[in-house]
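Encoded as structure tokens, the structure appears first; notes follow it.
There are 2 protein chains.
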Amino acid sequence: MADTTSAEWSAAPKIYVENVRNGDAAYHISEEAVLKSLISVSSPAALTCRFSDERDIEAFKAADILIASRLDTAFIASEGRTLKLIQCTSAGVEKYAPFTWLAQSTMLTNASGVHTKKVSEFGLMATLMLHNRVPAIATRQRNHEWSRQLRGTAAGLRVMIYGVGALGGAIARSLHRAGFFVTGVRRAGKSIEGGKLMITPDRVLQELPNVDVLILACPLTPETQRVIGLRELSALPRGAGVVNVGRGGIMDHSAHVSCLASGHLSGAILDVFDEEPLPDDSPLWDAPNLMVFPHVSADAPDDYIERCLAILAENLKRARAGESLRNKVDPTLGY
Amino acid sequence: MADTTSAEWSAAPKIYVENVRNGDAAYHISEEAVLKSLISVSSPAALTCRFSDERDIEAFKAADILIASRLDTAFIASEGRTLKLIQCTSAGVEKYAPFTWLAQSTMLTNASGVHTKKVSEFGLMATLMLHNRVPAIATRQRNHEWSRQLRGTAAGLRVMIYGVGALGGAIARSLHRAGFFVTGVRRAGKSIEGGKLMITPDRVLQELPNVDVLILACPLTPETQRVIGLRELSALPRGAGVVNVGRGGIMDHSAHVSCLASGHLSGAILDVFDEEPLPDDSPLWDAPNLMVFPHVSADAPDDYIERCLAILAENLKRARAGESLRNKVDPTLGY
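Quick mapping for you: the protein sequence lines, in order, are chains H and P.
Residue 142 in the working numbering is what sits at position 136 of the first sequence, and the numbering runs on without skipping anything.
Residue 64 in the working numbering is what sits at position 58 of the second sequence, and the numbering runs on without skipping anything.
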């Protein structure tokens, strides 16, 4: 089913770019980058590039396309009613739910899949680290404690990936290539490359006893909110490890810390948290055998925005051809 | 050149096994394991299995073959003069140098190559960890410090492996497969599988500026003692990382710590130290961006001794066929 009719996309688009002042340079969307990415598609009829604290309201109101890393949903609801497309440069859009602010005639696309190579490397590294008990070794180092516990090779390690979209799917492929047994969890249960066993979320609890490393890589939606809690973590075998590269809200962190403290779980590598930066007084900083990563698993600085803009360029081509768009967020599913 | 003549090996051997009391179970050499490993080669004429603190001196004196994880060189020099072969179950034998205690008629073999799969996984993990600045992230976690520094993918990373014998050679293959550019350092400079560039030790200094991760995997010999010092570490580009899975004595640790403290090096993963366990008051425990691993990179517990004994079994076959032995230590080279 096409998302659009080609006729409404035939004219050169008016584009509005909104950046966050003092944001990370890796996420800055420059005029040049936009023009360069659209070179094979179309010259924009207008291109306005502003920080969010000095908006050009007239240009915003006239725009067909908004490109932004952070969405001011109230402002869009009031002044962006004629937008045809919003390209958000983050992959997760859970903070904008519910999507009542989004006009029926506006499509929202996200940056899902922009850094599959990066996250697949991170997933492999984190899995090897958990297998080799690196979080426990790091915790012991704080206490000058030498404890030599040998670990075998990781061959045949059993990994469950909760959510096998762009992030989880890329991790599945790299772990499969590394010789691990990958179980993928997916709403549809459909097979993916690298997934030896595919299950639907309702079967997770019964499969968890067969899992050495659980990797959370799903979006945060009403369905996945705190979906991994004490019951799920307790169902993992003693010595299992957990990686979270999805969103903090997927997990019950206090249940997680108690499973680490009791020794039921051997380690954790968390890259996402309920609040980021993780507050200084969070108990997670000092939790035993837990490593805090500062949300770095999936973003590479070199070409992040270029890859986001490539999605937009491809979508403009698709729109003109009357085809459905890539990375379109479904407001009812929330991703 | 054959190490031996087949005639002296035709009789069933008398074997003496020496274990260390209260040693790690993974290194215990049991009678059953010896018998099982030799099943296709020969039944021993005698098999004596003792802890080192309750020796059977008569059996020791009569033995042809000694299997031991720790060598009591003075005792061997006085009571083991008729030994034909000593199978040491550690890979590094530097602590037994110089080899003046070893009779001309006794061959010494080591466990080199027993865990190439294990160390190749560790090398890949450590390289990805340094690329992703995990040692710095772990150091910051101690201070509850969130600092988001994005890193690109590791593709094309330039890794120098100092010593490409059994350990380093296995790491070279796995890093090459992962898409990294591997430079191997080898006395002979001969090519190895996975090594894009092979150099001799005298060229190391000029190549270090082109290296992102330096992995030390050589044996400790008079030639390699403190071979990586301030001059070598300073020749690495800013932001480089260092892994040591060889021996502590290869490195100048105080030069290393000062290069980490100054920020010239981004991180270190050390698995071997001058003294092990690392003493409680060692400055390495708290050095910034340095991770202390308790000598776990190359030993897997599941089948360590079985694999050592497989070397012995193969060597018995070779000896009978008048062929040269695997893993024979050259007393002049020290490995």
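Every residue gets a Cβ at the ideal spot worked out from N, C-alpha and C, and that includes glycine.
For clarity, every value in this text was computed on a predicted model and none was experimentally measured.
Following the continuous beta strand (DSSP E) through residue i, name the residue where it begins and the one where it ends.
i: Q155/P; result: Element bounds for Q155/P: n/a, residue is neither H nor E.
i: R56/H; result: 52-57
i: V263/P; result: Element bounds for V263/P: not the beta strand (DSSP E) but the alpha helix (DSSP H), 259-267.
i: I73/H; result: 71-74
i: K20/P; result: 20-25
i: L203/P; result: 203-205
i: A246/H; result: 246-250
i: I92/P; result: 91-94
i: L296/P; result: 296-298
Is the shortest distance between the beta-carbon of residue i and the beta-carbons of chain H less than 8 angstroms?
i: F299/P; result: yes
i: M7/P; result: Caution is warranted here: a pLDDT of 42 is assigned to M7/P, below 50, making its placement in the model unreliable, and no coordinate value can be reported.
i: A144/P; result: yes
i: M131/P; result: yes
i: H262/P; result: no
i: H259/P; result: no
i: Q147/P; result: yes
i: A267/P; result: no
i: R27/P; result: no
i: H34/P; result: no
i: R56/P; result: no
i: S96/P; result: no
Would you check if the distance between the CB atom of residue i and the CB atom of residue j is smaller than 8 angstroms?
i: P225/P; j: Y341/P; result: yes
i: G235/H; j: D258/H; result: yes
i: S126/P; j: A97/P; result: no
i: I35/P; j: T95/P; result: yes
i: A5/H; j: P104/H; result: Beyond the ends of chain H as shown, which are 7 and 341, falls residue 5/H; an answer cannot be given.
i: L318/P; j: S43/P; result: yes
i: I205/P; j: A178/P; result: no
i: S58/P; j: V23/P; result: no
i: G158/P; j: D277/H; result: no
i: P294/P; j: A267/P; result: yes
i: K90/P; j: D70/P; result: yes
i: L156/P; j: A306/H; result: yes
i: K334/P; j: M113/P; result: yes
i: L271/P; j: L242/P; result: yes
i: R148/H; j: V302/P; result: no
i: L181/P; j: V170/P; result: no
i: W107/P; j: P300/H; result: no
i: A184/H; j: L130/H; result: yes
Got a sec: is the Cβ-Cβ distance from residue i to anything in chain P below 8 angstroms?
i: P207/H; result: no
i: M135/H; result: yes
i: K20/H; result: no
i: N138/H; result: yes
i: K123/H; result: yes
i: R253/H; result: no
i: A274/H; result: no
i: S153/H; result: yes
i: E100/H; result: no
i: E127/H; result: yes
Can you tell me where the alpha helix (DSSP H) with residue i in it begins and where it stops?
i: L108/H; result: Note, L108/H: premise wrong, no alpha helix (DSSP H); not H, not E.
i: K67/P; result: 63-68
i: T271/H; result: Looking at the sequence itself, residue 271/H is Leu, so the reference to Thr does not match. It is not in any alpha helix (DSSP H) - L271/H instead sits in the beta strand (DSSP E) that spans 271-276.
i: E38/H; result: 37-43
i: C224/P; result: Looking at the DSSP string, C224/P is not in any alpha helix (DSSP H), and its letter there is neither H nor E.
i: Q212/H; result: 210-213
i: K323/P; result: 310-326
i: S288/H; result: First-last for S288/H: undefined, no H or E at that position.
i: R237/P; result: 236-241
i: T79/H; result: 79-85
Under the criterion of a Cβ to heavy atom distance below 7 angstroms, does residue i qualify as lining the ligand MG?
i: M135/P; result: Among the components modelled here there is no ligand, and therefore nothing to report on the ligand MG.
Give the residues from the region 156-181 of chain H that approach chain P closer than 9 angstroms (Cβ to any Cβ), ordered along the chain. Flagged, chain order: L156, R157, G158, T159, A160, A161.
Where in the region 120-193 of chain P do unbroken runs of the beta strand (DSSP E), each at least 3 residues long, occur, reported from the N-terminal end onward? 164-168, 187-191
Name the residues in the region 282-309 of chain P whose C-beta lies less than 7 angstroms from a C-beta of chain H; which are they? P283, L284, D286, W291, M297, V298, F299, P300, H301, V302, D305, A306, P307, D308
Using a Cβ cut-off of 9 angstroms, which residues of the region 308-340 of chain H contact any Cβ in chain P, in chain order? D308, D309, Y310
Looking at chain H, which residues of the region 64-94 of chain P have a Cβ within less than 9 angstroms of any of its Cβ atoms? none
Which residues, in chain order, does the region 187-201 of chain H contribute to contact with chain P at a C-beta distance below 7 angstroms? From the region 187-201 of chain H, no residue has a Cβ closer than 7 angstroms to chain P.
Members of the region 37-49 of chain H that neighbour chain P once the beta carbon cut-off is set at 9 angstroms: For the region 37-49 of chain H, which is checked against every Cβ of chain P, not one residue is closer than 9 angstroms.
Can you list, in chain order, the residues of the region 221-252 of chain P whose Cβ is nearer than 7 angstroms to any Cβ on chain H? none
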